[in-house]
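S.K.: The listed protein sequences correspond, in order, to chains A and B.
Going by the working numbering, the first sequence opens with residue 1, and the numbers climb by one from there.
Going by the working numbering, the second sequence opens with residue 1001, and the numbers climb by one from there.
Can you keep this structure in mind? I'll have questions shortly.
Number of protein chains: 2
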Amino acid sequence: MPKLGMEPIRKEALVKATIVEIGRAGSLDVTVSQIARRAGMSPALAHHYFGGKEAIFLAAMRHVLSLYGAEVRGALAVAEGPQARLDAIFRVSFSATNFRREVVSAWLNFYVLAQSQADARRLLSVYQRRLRSNLLACLRPLHGHGAEALADSLGALIDGLYLREVLKEGPPDAETALRMLRDHLTDKGKDPNP
Amino acid sequence: MPKLGMEPIRKEALVKATIVEIGRAGSLDVTVSQIARRAGMSPALAHHYFGGKEAIFLAAMRHVLSLYGAEVRGALAVAEGPQARLDAIFRVSFSATNFRREVVSAWLNFYVLAQSQADARRLLSVYQRRLRSNLLACLRPLHGHGAEALADSLGALIDGLYLREVLKEGPPDAETALRMLRDHLTDKGKDPNP
DNA sequence: TTTTTTGTTGATTGACGAGTCAATAAACTT
DNA sequence: AAGTTTATTGACTCGTCAATCAACAAAAAA
Chain A
1 MPKLGMEPIR
11 KEALVKATIV
21 EIGRAGSLDV
31 TVSQIARRAG
41 MSPALAHHYF
51 GGKEAIFLAA
61 MRHVLSLYGA
71 EVRGALAVAE
81 GPQARLDAIF
91 RVSFSATNFR
101 REVVSAWLNF
111 YVLAQSQADA
121 RRLLSVYQRR
131 LRSNLLACLR
141 PLHGHGAEAL
151 ADSLGALIDG
161 LYLREVLKEG
171 PPDAETALRM
181 LRDHLTDKGK
191 DPNP
Chain B
1001 MPKLGMEPIR
1011 KEALVKATIV
1021 EIGRAGSLDV
1031 TVSQIARRAG
1041 MSPALAHHYF
1051 GGKEAIFLAA
1061 MRHVLSLYGA
1071 EVRGALAVAE
1081 GPQARLDAIF
1091 RVSFSATNFR
1101 REVVSAWLNF
1111 YVLAQSQADA
1121 RRLLSVYQRR
1131 LRSNLLACLR
1141 PLHGHGAEAL
1151 ADSLGALIDG
1161 LYLREVLKEG
1171 PPDAETALRM
1181 LRDHLTDKGK
1191 DPNP
């Protein structure tokens, strides 16, 4: 049976299964066995490829983050002007791929993980810095000073909207979330000192 | 040794120890033994008084929530006018008692808990509803329509600021957080249709 | 004073889960 | 054909932890 070149396939299956299982459990209280079973293999194989549970979680985190990052880059590539680019970032943050219960739950739990695992913290920091710098690039032309504070509050608002999603029932409401982000900016002094 | 009337004392000690331990671990991966040891008793006694780990967490959650609730009520009692009352809510949310690493970590983990435990979810929902209605009472006189959306985004922003605190290092910066909350409101159309 | 209630713990149980290992088998190399 | 690498798992080890229990101690009630 053993076909060669299984490693990437198995790893991907494990990473996806990890996200699903974290979503199901709503926490990191997920056994390697559960993950492996959902990914269609034995627990031993999961250990074989990743070496340990910690590494599996880390890989899952990287996956979510890089997926999000890629989507942002894609959206920015076709958006022209700061206003449009800003909105592109917003839309990606609440796109169907990212704003799903599973993924939101994963994010939340990654924040928890970041409190005790340095690698996880580093990854999250990278994401936060990237988001901040993306936002700043758009905000500076629109609101000269105050762009920094605005970027920070927008970041916090996005995270808060994610956080609150986990308590809601029913399908995620991206429209409402987007409206709040946009309203956060409207009526702010436009370009006070360019 | 056995003095009578220990129950409330023991319970309080356990609840406080729980919050400290959650803060230390940064997660709910905390054993009853750890909690009991920090509270100065045997694990068996913790089980005796609470019946199980789940109940200990729930009690800790109630403690944090009721402390916050009491502080809000106290601040509202001496604040006059919607503007002042609004700011009172903000200040309590980032007061020295509530905006501490331990407590912030506890909040975060309660959100996680809420995903898998119905009781925890109920408690958090109560808090959210209360916050929302407190905010609404202040916002309606100031911004007629749009008060609802504003209350929701303020709630999300508060949660987001808490969430982001767990990644920061150094002491919590309440001033900056407060500035963001206040800025979120400034320049919004005041009282468009009263 | 006996009995009951309340407080307290050491020792134990039973379950579960991460990680290891030896063994098997297919595919590639030489 | 013999040897090496890659894939795969069942069985096992070792540790941990929630929960239980029997036993002991002191206060209160009878």
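Glycine is no exception: its CB is placed at the ideal position from the N, C-alpha and C atoms.
Are the Cβ atoms of R106/A and I22/A separated by less than 7 Å?
M.R.: It should be noted that the sequence gives Ala, not Arg, for residue 106/A. The answer is yes: Cβ separation under 7 Å.
S.K.: Less than 8 Å between the CB atoms is what I'm expecting for A70/A and I19/A, so what's the real figure, rounded?
M.R.: In fact, because the Cβ distance is near 16 Å, the residues do not count as touching under 8 Å.
S.K.: From L4/A to E12/A, what distance separates their C-alpha atoms?
M.R.: Those two C-alpha atoms are separated by around 15 Å.
S.K.: So which residues of chain B does R179/A contact, with C-beta pairs closer than 8 Å?
M.R.: What R179/A touches in chain B: A1149.
S.K.: Beta carbon of N1098/B, beta carbon of Y1068/B: below 7 Å?
M.R.: Result yes, Cβ atoms of N1098/B and Y1068/B sit closer than 7 Å.
S.K.: Label K190/A either buried or exposed according to how many other C-beta atoms from any shown protein chain fall within 10 Å of its C-beta, with 16 as the threshold for buried.
M.R.: Low confidence applies here, because K190/A scores a pLDDT of 49, under 50, leaving its location unreliable; read the following figure in that light. Its Cβ having fewer than 16 others within 10 Å, K190/A is exposed.
S.K.: How long is the line joining the alpha carbons of R1122/B and A1075/B, rounded to whole angstroms?
M.R.: One C-alpha to the other measures close to 25 Å.
S.K.: According to DSSP, is E80/A helix, strand or coil?
M.R.: Coil, per DSSP.
S.K.: Taking just the CA atoms, how far does A46/A sit from E1175/B?
M.R.: Their backbone Cα atoms lie some 47 Å apart in a straight line.
S.K.: Ends of the alpha helix (DSSP H) at D1183/B?
M.R.: Start and end: A1174 to L1185.
S.K.: Could you name the residues of chain A that N1109/B contacts, counting a contact when the two beta carbons are closer than 7 Å?
M.R.: Those within 7 Å of N1109/B in chain A are V112.
S.K.: If you draw a straight line from the C-alpha of A1147/B to the C-alpha of L1136/B, how long is it?
M.R.: One C-alpha to the other measures close to 6 Å.
S.K.: C138/A: which of R85/A, S66/A, V78/A and V72/A sits nearest, CA to CA?
M.R.: Per the Cα distances, R85/A.
S.K.: When burial is assigned at 16 or more other CB atoms within 10 Å of the CB, is A88/A buried or exposed?
M.R.: That one is buried.
S.K.: Mind checking if S1093/B is an interface residue toward chain A, Cβ cutoff 7 Å exclusive?
M.R.: Cβ-Cβ to chain A under 7 Å: no for S1093/B.
S.K.: Step through the CB atoms of chain A and report whether any lies within less than 7 Å of the CB of D1119/B.
M.R.: Judged by the 7 Å Cβ criterion, D1119/B is not in contact with chain A.
S.K.: Can you list the residues of chain B that L167/A reaches, using a CB-CB cut of under 9 Å?
M.R.: Neighbours of L167/A on chain B, chain order: Y1111, A1114, Q1115, R1121, L1124, S1125 and Q1128.
S.K.: Taking Cβ-Cβ distances shorter than 9 Å, what residues in chain A pair up with R1038/B?
M.R.: Neighbours of R1038/B on chain A: none; closest Cβ ~17 Å, over 9 Å.
S.K.: Compare the C-alpha of P171/A against each of V104/A, M6/A, L181/A and Q117/A and name the closest.
M.R.: Minimum Cα distance to P171/A is reached at V104/A.
S.K.: If we call anything under 7 Å between Cβ atoms a contact, is P43/A one with S33/A?
M.R.: Yes. Within cutoff.
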